[in-house]
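Visitor: Quick one: the structure is below, and I'll ask about it shortly.
In the working numbering, the protein residues as written are 1463 to 1582.
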């Protein structure tokens, strides 16, 4: 059975880019969220094996969403997606429970390395 992944990013281009990488490598994208609140709701609904979470989004940012998801689901695997120069936010995200981070623009090898490390 393929591993289920939830993609969270307010930019459609980033969601499409990630989805293409994941599907081409045998992962199932069970949902896409455009903000942190949607990510929390879709996590509850789909219980994915992993969430790719943007940091900066409207309504609820990725760090708050990660804290919320980890509060309800302590075993959740969250990988933060960050732009260059957001080092302080990455540290805060790790403290919130994120297990790894990947940097935009996405390098397919790095995205897959992070995912494989966490869920195989």
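Every residue, glycine too, gets a C-beta built ideally from N, C-alpha and C.
Say whether the stretch 1476-1491 touches the stretch 1563-1576, bearing in mind that this needs 3 or more beta-carbon pairs closer than 8 Å, one atom from each stretch.
Guide: They touch, by the three-pair rule.
Visitor: Should the stretch 1498-1508 be called in touch with the stretch 1543-1560, which here means at least 3 C-beta pairs below 8 Å?
Guide: Because the criterion of three Cβ pairs below 8 Å is not met, the stretch 1498-1508 and the stretch 1543-1560 do not touch.
Visitor: Do you know offhand how far residue 1544's Cα is from residue 1511's?
Guide: Cα-Cα distance, rounded: 20 Å.
Visitor: Assuming residue 1501 and residue 1538 make a contact with CB atoms under 8 Å, what is their CB distance in whole Å?
Guide: Incorrect: roughly 11 Å between the Cβ atoms, too far for contact.
Visitor: Which one or two residues does DSSP pair with residue 1466 in a beta bridge?
Guide: Bridge partners of residue 1466: 1490.
Visitor: According to DSSP, is residue 1537 part of a helix, a strand, or is it coil?
Guide: Coil, per DSSP.
Visitor: What does the Cβ neighbour count give for residue 1497, buried or exposed, with the cut at 16 atoms within 10 Å?
Guide: Buried, by the Cβ-count rule.
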